[in-house]
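Counted from 1, the sequence shown has number 327 at position 237 by our numbering; the numbering is strictly sequential.
For every residue, glycine included, the Cβ atom is placed at its ideal position computed from N, Cα and C.
Report on one structure; see the data block that follows.
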Amino acid sequence: MHPLLDKEKQQQAKQYEKEKRILGLIGSIISIGFILLYHFTGFSQGMAFYSNDVSIILVVIFYLLVFLFLSTLLGLPLGYYSGYIHEKKWEFSNHTPKTWFADEIKSFVIGLFLFPLLLGLLLWIMAFSPDYWWLIAGSTMALIGIIFATLFPVLILPLFNKYYPIDNEELTSRLEIILNKVGLKPSGFFVEDMSKQTKKENAFLAGLGSTRRVVLGDNLLAQMTVPEIESVIAHEVGHYKYKHIWKNIGIGAIQQIVMFYILHQIMIVVFPHFLESTRWNLALFPIFSLIFSVLSGIAFSPLNMALSRYFERQADRTSLELTNNKIDFQKAMAGLANRNLSNAYPSKWIKMFFYSHPPIGERLKFAETFED
91 MHPLLDKEKQ
101 QQAKQYEKEK
111 RILGLIGSII
121 SIGFILLYHF
131 TGFSQGMAFY
141 SNDVSIILVV
151 IFYLLVFLFL
161 STLLGLPLGY
171 YSGYIHEKKW
181 EFSNHTPKTW
191 FADEIKSFVI
201 GLFLFPLLLG
211 LLLWIMAFSP
221 DYWWLIAGST
231 MALIGIIFAT
241 LFPVLILPLF
251 NKYYPIDNEE
261 LTSRLEIILN
271 KVGLKPSGFF
281 VEDMSKQTKK
291 ENAFLAGLGS
301 TRRVVLGDNL
311 LAQMTVPEIE
321 SVIAHEVGHY
331 KYKHIWKNIG
341 IGAIQQIVMF
351 YILHQIMIVV
361 FPHFLESTRW
371 NLALFPIFSL
381 IFSVLSGIAF
391 SPLNMALSRY
401 FERQADRTSL
411 ELTNNKIDFQ
421 KAMAGLANRN
431 LSNAYPSKWI
441 KMFFYSHPPI
451 GERLKFAETF
461 ED
């Protein structure tokens with residue numbers, strides 16, 4: 091174990107991770123059970139074909155309202171335990187029941203707005219081109235990804251947290267130098283009041299073009315030194331240097347096309363009514379989404395995680411190159427592992443399926459042996 095890591099904290103991290111995996115598995119079982127019941131009891135078909143006299147647009151909206159309400163209601167007890175009680179047990183959550191439910195309601199409302207738009211678009215594409223919907227829909231995902239990446243920091247994030255300009259001139263000056271080294275000009279440096287929800291720490295660059303901004307969680311700002319923060323942001327700059335956002339959008343679009351094509355072939359064989367009409371496509375939506383999720387998890391999850399870890403390694407390398415500071419990079423990584431209870435040395439299989447970042451132990455070793 092790396093000397094900067096706290097042995098006792100790492101034992102706690104393993105237990106915390108194990109409990110989170112179990113809760114995630116239970117959540118998946120509940121979701122699968124709900125979808126299977128929703129479909130095979132005939133409820134989904136009944137909702138889709140409730141009345142032929144009603145506009146299909148109204149049918150889709152009402153169908154999704156019921157589906158989202160029931161799925162949210164069913165998942166609420168486990169969500170409350172996992173997101174509030176369990177986090178309180180490990181002394182991470184700063185929520186009260188009231189603030190936790192308030193954030194859940196906000197997420198639900200956002201889903202009510204976005205979900206009908208996205209599913210409506212998919213159903214329209216299926217009706218427009220039944221034979222090639224998979225190609226059009228997969229390609230459309232790239233455009234949606236660009237729009238979402240651009241608007242997310244200015245439209246969605248402020249619904250959950252407040253953002254204030256960072257008033258530490260030394261910090262912002264040093265961060266601006268780092269960004270200028272790769273030609274980035276952010277719209278500002280902001281601190282997020284993350285502490286109202288959690289004791290965990292985070293920092294990120296969000297947005298594209300004029301919406302690009304550097305965001306530091308107030309917890310991280312309070313716990314790290316200026317050089318440590320500099321190394322964290324330099325890592326985030328690496329993602330922009332290597333155009334990881336654009337690469338992820340492109341790769342995601344290709345994967346969507348492949349997955350939609352495979353799903354197309356499965357659905358037309360197993361469910362003959364698929365693509366027969368928009369109402370049938372709506373009725374088959376739950377089982378469609380379930381098969382898509384299972385296939386995606388089996389076919390692409392390990393690949394996506396491996397690719398993400400590769401991108402994160404490139405970002406780590408950028409951080410070390412831009413700051414030329416191994417010590418504070420390691421202190422920042424070890425500090426995050428100790429305070430966030432991140433398992434620095436997970437098993438091979440857990441890493442393969444669940445780790446989008448290299449484990450902290452590997453990142454510390456990488457910095458140790460890094461040569462500019």
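Buried or exposed (CB count within 10 angstroms, at least 16 for buried), Y140: exposed
(Q) With three or more C-beta pairs closer than 8 Å as the rule, is the segment 359-378 touching the segment 122-141? (A) yes
**Message:** Quick check on the DSSP output: the alpha helix (DSSP H) that includes K407 runs from which residue to which?
**Reply:** Reading the sequence as shown, one finds Arg at residue 407 and not Lys. Unbroken alpha helix (DSSP H) run through R407: 391-413.
inquiry  = Let me check understanding here. Comparing Cα to Cα, which of A422, A405, D283 lies closest to S446?
reply    = A405
**Asked** Of the choices V272, S383, T368, E458, whose alpha-carbon is the least far from that of N142?
**Response** T368
Q) Which of helix, strand or coil does DSSP assign to T368? A) helix
Rounded to the nearest angstrom, what separates L245 and Q420 at their Cα positions? 34 Å
- Could you tell me how far apart the beta carbons of A103 and L426 are, in whole angstroms, since I believe they sit closer than 8 Å? Incorrect: roughly 11 Å between the Cβ atoms, too far for contact.
Self-check item: Helix, strand or coil at F205 [DSSP, three-state]
Solution: helix
Quick one: which unbroken beta strand (DSSP E) runs of 3-plus residues sit fully inside the segment 238-309? Chain order, please. 253-255, 279-282, 293-296, 303-307
At the level of alpha carbons, what is the spacing between L311 and V144? Answer to the nearest angstrom: the Cα atoms are 55 Å apart.
Classification of M91 by the beta-carbon crowding that lies within 10 angstroms, buried from 16 upward:
By the neighbour-count rule (16 or more Cβ atoms within 10 Å), M91 is not buried but exposed.
*asked:* Less than 7 Å between C-beta atoms, sequence neighbours within five positions excluded: which residues of the same chain meet that for D283?
replied: N251, K252, D308
Helix, strand or coil at S432 according to DSSP, with G and I counted as helix:
coil
Item to check | Bridge-paired residues (DSSP) for S172 | outcome: Answer by DSSP bridge pairing: none, since S172 is not bridged.
>> Quick check on the DSSP output: the alpha helix (DSSP H) that includes M314 runs from which residue to which?
In response: From DSSP, M314 is part of no alpha helix (DSSP H); its letter is neither H nor E.
Between the C-alpha atoms of K108 and D96, what's the straight-line distance to the nearest angstrom? When the Cα atoms are used, K108 and D96 turn out to be separated by approximately 18 Å.
Taking only the alpha-carbon atoms, compute the straight-line gap between I116 and K275 and give it to the nearest angstrom.
44 Å
Requested in this report: Pull up the distance between the alpha-carbon of S277 and that of Y106, whole angstroms please.
Outcome: 37 Å
Whether A422 touches V322 by CB criterion (8 Å): yes
*CB contact flag (L233, I319, <8 Å)*: no
Can you have a look at T408 and say buried or exposed, based on whether 16 or more other CB atoms are within 10 angstroms of its CB?
buried
Subject >> Closest Cα partner of L306 within the set T288, Q287, F280 >> reply: F280
> Opposite S379 in the DSSP bridges: which residues?
Replying inline: Paired residues: none, contrary to the question.
Which residues mark the beginning and the end of the alpha helix (DSSP H) in which N338 is found?
-> 334-360
The alpha helix (DSSP H) that contains H447, what's its start and end?
No alpha helix (DSSP H) holds H447; DSSP gives it neither H nor E.
key: Selection from L168, W370, L154 that minimises the alpha carbon distance to I119   = L168
Q.
Cutting at 6 Å between CB atoms, please list the residues of its own chain near W370, excluding the five before and the five after it.
A. H363
Worksheet item: Tell me which same chain residues have a C-beta within less than 6 Å of the C-beta of P206, skipping the five on either side of it?
Response: Answer for P206: I151, L154, listed in chain order.
**Report entry** Cβ neighbour criterion (16 or more within 10 Å) applied to E452
**Finding:** buried
Return the residue from the list S172, P436, S398 that minimises the CA-CA distance to K110. S172
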